[in-house]
Structure formats: C-alpha cells, structure tokens
Amino acid sequence: MKFSVAFEYSVVYFPRGARRPREEILYATSEIEIRELDGDFHSPDAFVARNPTENALKVYRERAEQQNLVDCLGRLSGDIHLRGHDGVLWEDTWRTASERFFDIDGPQLREGADIHRDPDFARRLRLYSSSRPDSEPQAGAIHWRRWGPRQDARAELLVLRQADEARMPGRSKDLERPMKELISSGLDGARRDVETYVQSHFLWAHGSLHMKVPPPARSFSRENGWFAMKNHIRGSDALASGAYFRFDEYDQVKQMSEKFAGRARQVADYLGGDIQATSVDRDYMAIDKVDLGIRALRRSLHRLHDGFSELPDRCLEKWMQYRRLADSWSPVEGDPRKIIEAFIEFRDAIPRQEKIGSLVFDQLSMQCLPFLEQAPTLDLRERVRPVDDIELAALSL
C-alpha cells in the first residue's frame, strides 16, 4: 500500500544580496510502499486497557465542551488497544487520531495559534482527526518520531496520507528568500532515512494504517524529596528518571518502593489509578531496562544546578569522562557498566561539605538512586554493534 509521506529537512544557503548564510527547515514528500499484513495479528489483544483519569483526556473533553464540538466530545476516549505481531506492538493510527487526539496533537500543528485559548482547536480536529475510527483523517495521519506524554517533547514530525499528497503543517516547500548559492541540503539523506523508517515502523492491516509502538511500562523515580510509582503507556518514551519495569512486574515495583520507604517523606502510588488493563500478553511486554536506565542517567547531564561550574577541576574532569561515555551510548553499542562506574566516580568526587557540592550531589541522587539500586540485577555486559559486512564478520584475529 502506497502512502505520501511529508518530512522535514534543512537547507543552508546564501540569499541573494546577503553576506551571511541562512538555514531554513523545509519539507518534501515521498511516495513510500508500506507492507501489508496478510491474515490476522498474532496477538489481536496484546494490550487492552483504559486510562479514565488521564489528565490530557480531561483537558480535551473540557475544550470540546467549551467550543460545542459535540462529535469530538462523544468520541474522545481513555481506551487503549494495542495488537501484537512479529514480536512488537502496533497501534491503529486512524483510531488514535479519532479517539485519542490528545496523543498526537502538538505545537507544530497549531501553526502559531494561541496555546491557552486554543481558537485553532476545531481546525486541527477537522484536519488531523476523523469522526470514524476506521477512516483516514482529512490531512493524513500524524506521527512524531520523538514522542513524549508532554506535547512540548514531541518532535520530528511525519505526515502520512493515502488519499492525496501529504502536507507538513508549519513548513513550506519553498525558501523564504531567493537563493544566490546553495551551501548544503539535507534532502537526499532525509529522504533515505524516512523511507527506511516508515517501512520498518508502519503496517497496513485490516483496512487501516498501524504504527509500531514501544510496550507500556512502570517506573519508580524520585521527585522533589518523595518517590513515585507510575505507569507509562509508552514505556521507552517516558520522561521520568528512575528505574523501569515491565508492565506485568507490579510486585517488583512495590518491592522497590518498600526498600525506599524510609528514605523520603512519602511514596506516591499511581499504579492502581492510571491504567486499568484487561488484557496483557506477556510475550509483548519486554523492555530494555538497561537502555531506559542509561537514558535516565544521561538526562542528569542537563539538569545540574546553576553553580555546577564552580566545582573543583578534578570533579569536572570526572564529569567530562562520564559525559563522553554517556553520550556515546546506544541500545546496540556501549558498555553500561563503565557508564555507571563513571557516574559514581563523578558523584563521589563532588565535595559535599561545600554548599554548591551538596546541592549538585543531592540533585544527582534524587534522579538516579532508583536505577543505581536496580542496576546490579540487570545484564550490564558490553554491547557490540553487529557487523553488516558478512566477509568482514567472518574474519578472525
């Protein structure tokens, strides 16, 4: 099944009459063949749940009621239905656009409209949602390659449209100013990347477009002096810094909370009230706890106290070593044990007797204690990227 896919790319050029180069983000479209599923999903009800207390659902229902959008108000839902096939979970993009529009909405779709009064709400619904869950939205399906539960964390937008050519909201195909000289264009590389991504992340099944999604998960994290146990619909996209668990590992999360019960003012339990699952296929609940934990550690690099630069040189050198290792990490390549050791060496080098040192140390501990507690139970062996060249892989020293 062919889809028109709109994607972004950057161009650097000298405008006519200008002395300095200018960079712009444009968009282009590509016709991409999406594989079709013959037959049924291996696990049609791999994950079925409801999230009736979801804050975004409440906000969007209130907005629809205020603007008298009766059709939207009737179809917005906290229901979640993921199907399993080929070892991964798939979500119906058209159904999500119809019933869970808050999961795909984002600032870029507003094209500059005010975010608080949101006069653009009805227009976005008309273009990117649909009255029926089995029909394509008027402007196509929205997909964020970088997704987060908070809308400001959603980036790298793709629009996939079957009926006609896709369009990228907030972008143009043409440069703003006449070009004198082209310095660089990312079009060819972006086109190749998008084609590879779409072919591996989308599936046409049962008359609708499905996208690959990470499995749900649970987390245990420390926030402002207290600990929290949380559920995440898309575990690997969660923003929390802490220890992650499979969705079916409820008891393990509770056990960790008991270990930390005496280290904080309180432990907030959100496990029971958020996601109410009625069908969970354990074969599709696997998550990469090491990768999620390392990513949580890496986020600590960008959340340090303003006085961080006042730390002693030996401490900053430890931080630089930790940063190099953490930034080089990927799920297929890296040594998690070395990253954790470098983090601990940096943390232990912080002079806690000084005010700034004490603040930075407490800040690091707040974010990373749960994962450090969990790490000894995980497989921390070095990961080596597989060699694609068959002849090279056959060589041995």
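Counting the sequence shown from 1 gives a position; the numbering used here is that position plus 132. Ideal placement from N, C-alpha and C gives every residue a C-beta, glycine not left out.
Item: Using 10 angstroms around the beta-carbon of Arg293, count the other beta-carbons present and answer buried if the total reaches 16, otherwise exposed.; Value: buried
Item: Assuming Phe146 and Lys362 form a contact by the criterion Cβ under 8 Å, report the distance between their Cβ atoms to the nearest whole angstrom.; Value: Actually they are not in contact, since the Cβ atoms of Phe146 and Lys362 sit about 50 Å apart, beyond 8 Å.
Item: Decide if Lys305 is buried, meaning its Cβ has at least 16 other Cβ atoms within 10 Å, or exposed.; Value: exposed
Item: Strictly by DSSP, which residues pair up with Lys487?; Value: Answer by DSSP bridge pairing: none, since Lys487 is not bridged.
Item: Take Gly439 and list the residues in its own chain whose beta-carbon comes closer than 6 Å to its own, dropping the five residues that flank it on each side.; Value: Ile488
Item: Can you tell me which of the three DSSP states Ser304 falls into?; Value: coil
Item: In three-state DSSP terms, what is Ser353?; Value: strand
Item: Let me check understanding here. Comparing Cα to Cα, which of Arg151, Pro176, Gln198 and Leu158 lies closest to Tyr416?; Value: Pro176
Item: Skipping 5 residues on each side, what residues in its chain have a beta carbon closer than 7 Å to that of Glu223?; Value: Leu214, His342, Met343 and Val345
Item: Among residues of its own chain, excluding the 5 on either side of Arg552, which ones have a beta-carbon nearer than 6 Å to its beta-carbon?; Value: Only positions 133 to 529 of the chain appear in this structure, which leaves residue 552 out of reach.
Item: For Pro269, count the other beta carbons within 10 Å of its own beta carbon; 16 or more makes it buried, fewer makes it exposed. Which is it?; Value: buried
Item: In three-state DSSP terms, what is Trp451?; Value: helix
Item: So, with DSSP's three-state summary, where would you put Gln270?; Value: coil
Item: What first and last residue would you give for the alpha helix (DSSP H) that runs through Ser411?; Value: Here Ser411 belongs to no alpha helix (DSSP H); instead the beta strand (DSSP E) covers Gln408 to Val412.
Item: How many Å lie between Glu327 and Ala287 at the Cα?; Value: 18 Å
Item: Three Cβ pairs or more, each shorter than 8 Å: is that satisfied between the segment 191-209 and the segment 163-170?; Value: no
Item: Do Val412 and Val137 have their C-beta atoms closer together than 7 Å?; Value: no
Item: Should Thr225 be labelled buried (16 or more other beta-carbon atoms within 10 Å of its own) or exposed?; Value: buried
Item: Inspect the beta-carbon positions of Ala217 and His275 and report whether they are closer than 7 Å.; Value: Looking at the sequence shown, residue 217 is not Ala but His. Cβ distance not < 7 Å, so His217 and His275 don't count as in contact.
Item: Determine the direct distance from the alpha carbon of Leu307 to that of Leu491, and round the result to whole angstroms.; Value: 47 Å
Item: May I ask you to verify whether the segment 448-458 touches the segment 470-485, counting CB pairs closer than 8 Å and requiring at least 3?; Value: yes
Item: Given this structure, state the Cα-to-Cα distance separating Leu424 from Gly149, to the nearest angstrom.; Value: 49 Å
Item: Would His364 be called buried (16 or more neighbouring beta carbons within 10 Å of its own) or exposed?; Value: buried
Item: Measure the alpha-carbon distance for Asp273 versus Ser261 and round it to whole angstroms.; Value: Residue identity differs from the one stated: residue 273 is Ala in this sequence, not Asp. Rounded to whole angstroms, Ala273 to Ser261 spans 8 Å at the Cα level.
Item: Starting from the Cα of Arg282, find the closest Cα among Ala393, Ala160 and Pro239 and give me that residue.; Value: Pro239
Item: Note the first and the last residue of the continuous beta strand (DSSP E) segment covering Ala337.; Value: Phe334 to Ala337
Item: Around the C-beta of Pro348, are 16 or more other C-beta atoms found within 10 angstroms, so that it is buried, or is it exposed?; Value: buried
Item: What three-state label does DSSP hand Leu529 in the structure shown?; Value: Model confidence at Leu529 stands at a pLDDT of 41, short of 50, so the residue's coordinates are unreliable; what they give is reported in the following sentence. It is coil, neither helix nor strand.
Item: Express the C-alpha separation of Leu443 and Pro483 in angstroms, rounding to a whole number.; Value: 8 Å
Item: Between Arg323 and the rest of its own chain, which residues show a CB-CB distance below 6 Å, the 5 nearest in sequence each way excluded?; Value: Ser162
Item: Residues in its own chain within less than 7 Å of Ala375 by CB, not counting five upstream and five downstream?; Value: Ser351, Phe352, Met388, Gly425, Pro502, Phe503, Glu505 and Gln506
Item: Classify Gly321: buried if its beta carbon has 16 or more other beta carbons within 10 angstroms, exposed otherwise.; Value: exposed
Item: How would you call Leu432, buried or exposed, if buried means at least 16 neighbouring beta carbons within 10 angstroms?; Value: One point to set straight first is that residue 432 is Ser, not Leu, in the sequence displayed. Under this definition Ser432 is a buried residue.
Item: Is the beta carbon of Glu243 sitting closer than 7 Å to the one on Gly302?; Value: yes
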